[in-house]
Amino acid sequence: MMLRDCYRSTFPLPLSTLVSVKMAQPNERIPPRVPRNIALSRLNIFSSPDSEWRELGLTAQLWRHRVDSDEFIRLESFSVPDLKRIPFEQAVLNKFTPVKKGWSFGPSWSTHWFHVHIIIPSGWIGEEVQLQWDANCEGLIFSTDGEPLQGLTGGNSQARHEFTITHLALPGQKFEYYIEMAANGMFGVGGTGMVPDPNRRFTLQTADLVVANKKAWALYHDFELIRNFIFNTPENTQRQHEALYAANEIVNVFKPGDDKSIEKGLRIAAEWLSKTGGEGQHHIIAIGNCHIDTAWLWPFAETKRKVARSWSSQVRLMERYPEYKFACSQVQQYEFLLENYPVLFEKVKERVRSGQFIPIGGVSIMIMSWVESDTNMPSGEALIRQMLLGQRFYEKHFGKRVKTYWLPDSFGYSGQLPQILKASGIDYFFTQKLSWNNINRFPLTTFYWRGIDGSKVLAHLSPANTYCADVRPHELQACINNNNDLDYTNESLLLFGYGDGGGGPNAEMLERLERLRNVDGLPTVKSGDPTEFFERIEKYSKPLSSYRGELYAEFHRGTYTTQALVKRGNRKNELLLRDVELLGTLASQRDPKGYCYPKKQLERMWKIVCLNQFHDCLPGSSIGMVYEDIHKVNESDPSHCIFRGHITLFVTTTQSQRELAAEAFSLRHEALGKVLGLTGTQSLDEKRVVVFNTLAWDRTEIIKVPVEDGMPQLQQYSAVENAGYVLADNVSALGQTSYMFDRKIDVEPVTVETTHKGDFVLRNQYLEVIFDNKGHLISLFDRAQGRELVPEGRRGNVFQLYEDIVSSMRCCLAPDSLCLLVYILTIC
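Residue numbers for the sequence shown, in numbering that gives the first Met the number 0: 0 to 827.
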């Protein structure tokens with residue numbers, strides 16, 4: 000590669016590397032050849048903000064003006080006590096005290112409000128002035144009227160430091176803002192291992208007024224694209240060599256502080272970028288997105304603020320980039336916004352109408368479930384509720400229904416989903432999670448996914464293998480390199496924007512997207528929406544393959560085991576709400592005038608159940624704070640089953656009466672009273688227990704009846720639990736039966752005896768169980784079947800302890816766990 004003017008470069012090259020191509024003639028300047036590795040190193044140094052040569056490179060020219068003195072930017076703060084998160088209206092009523100840049104605040108999860116007073120310097124007339132703010136944590140800028148304006152993300156990773164104050168400054172012009180700072184980073188308060196640190200503190204490192212050098216920024220975006228192309232495409236192509244030459248030419252013409260040299264660099268870059276590809280290029284539709292985990296390394300309460308920070312930033316970008324389209328997938332987050340930031344919600348609705356903010360993109364809404372849930376453990380009914388709640392919200396607030404199921408990040412996809420999706424009016428499915436598989440590469444990219452009943456949806460797995468792309472050449476190239484179906488279709492989806500902790504795309508990504516629309520050597524790319532993509536697939540693709548059954552995600556194993564109480568509570572609540580709906584329906588038929596079906600209460604409770612099925616909650620991969628919130632919902636009190644001497648056959652028995660479970664028990668209690676024909680003042684015969692079977696099959700079970708004051712004592716009674724027991728024998732499906740309190744149970748009583756060896760023998764009409772004098776189970780004999788279940792000489796009920804060393808989320812553990820001790824009940 001011939002690199003002209005290397006002698007003039009501000010980045011020195013060893014003279015020993017320069018070799019002439021031919022003998023120099025007098026007064027003739029011969030371009031030297033430079034080894035490729037040195038040329039590449041030179042490019043990295045030129046645009047690096049951390050190089051020792053930074054002051055001679057491009058990044059030193061990105062800002063034309065900067066001030067931080069009290070004359071132009073004055074700061075006051077208020078720290079909210081007790082880790083509370085208070086609204087704007089309450090915060091601004093408090094006393095703010097003066098602070099300066101360099102002030103530290105904390106601890107983890109605390110909230111600190113800043114009042115910022117700004118005066119534009121006199122020499123900045125006509126400039127676009129920005130506030131540059133970095134406290135290494137998350138924040139949200141408010142107007143003095145309380146309108147959320149834009150989110151802020153501190154630190155070097157996924158940074159969002161700048162906020163535009165004015166596009167046309169006037170000398171002495173005054174501005175005033177409030178900034179809510181959360182003492183947590185984008186990924187919570189953990190370190191490299193994500194283990195939460197409750198005592199982290201943050202420092203306001205930057206609070207400056209700045210004016211950007213727009214030409215230098217334009218050259219920076221151009222140069223970085225070309226450099227990325229060089230490092231991520233094959234070396235042996237003409238286009239790659241041309242890129243290396245152009246990038247070095249930009250370095251050659253550059254002179255620090257000389258805007259004309261920047262203009263020369265822009266012309267060189269424009270010449271390379273202006274070469275377009277042919278009609279056969281692979282086509283990519285790029286969609287800005289902001290995947291916010293509804294809870295993970297932060298609690299639900301922080302997610303509500305993450306939504307406002309992220310979405311306000313996107314609305315602001317849409318003002319600057321009118322062709323930009325942004326998608327958000329979880330209806331719960333729309334409701335968070337509606338409830339907590341109604342002004343911002345209205346702005347989102349405006350952008351929905353313009354087609355920029357998707358759910359409504361092009362001709363339909365894009366995505367629709369209540370949250371991006373786990374699909375392995377929720378019941379089929381709960382998965383349907385995810386769809387139903389999402390559809391209802393979109394219809395109410397946006398007037399549309401959805402066609403695409405959007406689940407980029409979940410821990411596997413149940414084989415029953417296609418059937419549920421088709422029944423919900425969904426034709427398309429999108430994810431990328433299977434790209435994380437670390438053993439078997441999933442064989443398809445664009446295909447028809449068939450369910451266990453034969454239903455099918457058109458599915459696409461983004462070959463970029465991420466939902467957090469930066470819109471760089473190597474990501475576009477990955478859409479070809481990782482695509483398993485290029486023989487059948489020439490289309491791919493690219494999701495870009497910071498995710499998991501929120502944030503979404505930034506201006507740099509959108510600048511790159513504009514430049515990469517049609518560049519020779521890369522696929523074409525344009526901003527679009529998923530419906531447009533899938534409709535193009537249906538219209539232009541060749542016959543696609545089909546895949547039947549579960550889409551198994553290998554990387555997140557262990558989702559059925561961790562946080563067992565959460566899983567238990569989820570199932571109990573699913574069944575409890577089903578009971579309320581069933582009994583409520585029967586009560587409505589029996590007493591249509593006297594009973595009001597609890598529609599609103601049930602919808603609200605289903606929303607809570609669906610929220611807790613989020614893919615980092617139910618599987619068990621969130622921090623402890625999240626599970627403290629969930630346990631408050633799941634805990635319940637069995638006494639709510641009682642209604643004047645009757646009890647339903649389904650009973651929940653956890654510790655305390657709280658929130659969802661308590662309310663649901665109360666509703667079930669009321670409905671069951673109507674079904675049995677009771678009012679609040681009526682009672683059944685005090686000598687009877689009525690049992691109602693709410694399930695769809697006949698059942699025989701032992702019912703625990705908590706004993707209340709004044710109730711007669713059942714024949715079988717436990718003083719320890721203050722409860723009696725009834726054997727409900729063969730109760731018909733959706734039927735009821737009653738038992739007398741003094742009913743004698745015709746069963747063989749339990750006998751206990753001790754053998755001469757000191758073994759303990761327990762026997763009833765069904766089983767004979769023997770424990771040795773050390774407590775080992777040495778015999779379990781089924782008397783009805785005549786079968787011994789513990790082999791001779793072996794022991795049952797033996798706990799074996801194994802250590803399972805976690806390897807990068809394999810067991811789906813909470814991040815504050817380091818390893819898993821596995822107890823297995825077995826026979827040895």
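A virtual CB, placed ideally from N, CA and C, is assigned to each residue, including glycine.
Beta-bridge partners of residue i, as assigned by DSSP
i: T403; result: Y427
i: P97; result: E75
i: Q129; result: T163 and V209
i: G503; result: Y497
i: Y701; result: One detail in the question is off: residue 701 reads as Ile in this sequence, not Tyr. For I701, which the question treats as bridged, DSSP gives the partners L726.
i: L753; result: In the sequence as displayed, the identity of residue 753 is Thr instead of Leu. DSSP lists F759 as partners of T753.
i: G138; result: L151 and M180
Collapsed DSSP secondary structure at residue i in the structure displayed
i: N155; result: coil
i: W696; result: coil
i: S103; result: strand
i: A552; result: coil
i: T794; result: A quick correction: the sequence has Arg, not Thr, at residue 794. Correct three-state label for R794: coil.
i: S309; result: helix
i: S638; result: Any answer about S638 is weak, because its pLDDT of 37 lies below 50 and its placement is not dependable; what the coordinates show is given next. Helix.
i: R384; result: helix
i: G623; result: helix
i: I451; result: coil
i: E767; result: strand
i: R589; result: helix
i: A727; result: strand
i: D758; result: coil
i: T58; result: helix
i: P80; result: helix
i: Q331; result: helix
i: G264; result: helix
i: Y594; result: coil
i: A813; result: Note that A813 scores a pLDDT of 48, beneath 50, so its modelled location is shaky; the value from the coordinates is reported in the next line. Coil, per DSSP.
i: V66; result: strand
i: T523; result: strand
i: T465; result: coil
i: G785; result: coil
i: W435; result: helix
i: M739; result: strand
i: A837; result: Absent from the model: residue 837. The displayed extent of the chain is 0 to 827, so no value can be given.
i: E203; result: As written in the sequence, residue 203 is Leu, which differs from the Glu given in the question. In this structure, L203 counts as coil in the three-state DSSP scheme.
i: E175; result: strand
Expected contact under 8 Å - CB spacing of residue i and residue j to nearest Å
i: V330; j: W369; result: 5 Å
i: N489; j: H160; result: Not confirmed; about 39 Å, so no contact.
i: A268; j: L218; result: 7 Å
i: S311; j: L148; result: 6 Å
i: M180; j: F113; result: 6 Å
i: Q830; j: Y487; result: No information on residue 830 is available, as it lies outside the stretch 0 to 827 that the chain covers here.
Selection from the options that minimises the alpha carbon distance to residue i
i: L443; options: N227, A422, H459 and Y177; result: H459
i: D469; options: S454, P504 and K455; result: P504
i: H290; options: F798, R266 and E371; result: E371
i: K99; options: E490, E88, E787 and D133; result: D133
i: L666; options: L733, I622, S587 and Y546; result: S587
i: L224; options: A158, A245 and A90; result: A245
i: G527; options: I286, H114 and G184; result: I286
i: N439; options: E553, V252 and F397; result: E553
i: V91; options: D408, G187 and S78; result: S78
i: N464; options: H473, T558 and Y546; result: H473
i: T202; options: F104, L800 and M193; result: F104
i: R384; options: S260, P233, E349 and V608; result: V608
i: G500; options: P48, T232, P298 and F428; result: P298
i: E318; options: F356, N43, Q332 and E338; result: F356
i: S156; options: G150, Y497 and W696; result: Y497
i: S309; options: V252, L343 and Q735; result: L343
i: N183; options: R200, W405 and V674; result: R200
i: K455; options: D426, L550, L61 and L382; result: D426
i: D590; options: A670, H630, D615 and G557; result: A670
i: S413; options: F441, K421 and G379; result: G379
Closer than 8 Å: residue i CB and nearest the ligand COA heavy atom
i: N251; result: Absent from the structure shown: the ligand COA. Ligands present: none.
Uninterrupted alpha helix (DSSP H) stretches inside the segment 267-322 (no shorter than 4 residues): Whole alpha helix (DSSP H) segments, 4+ residues: 299-319.
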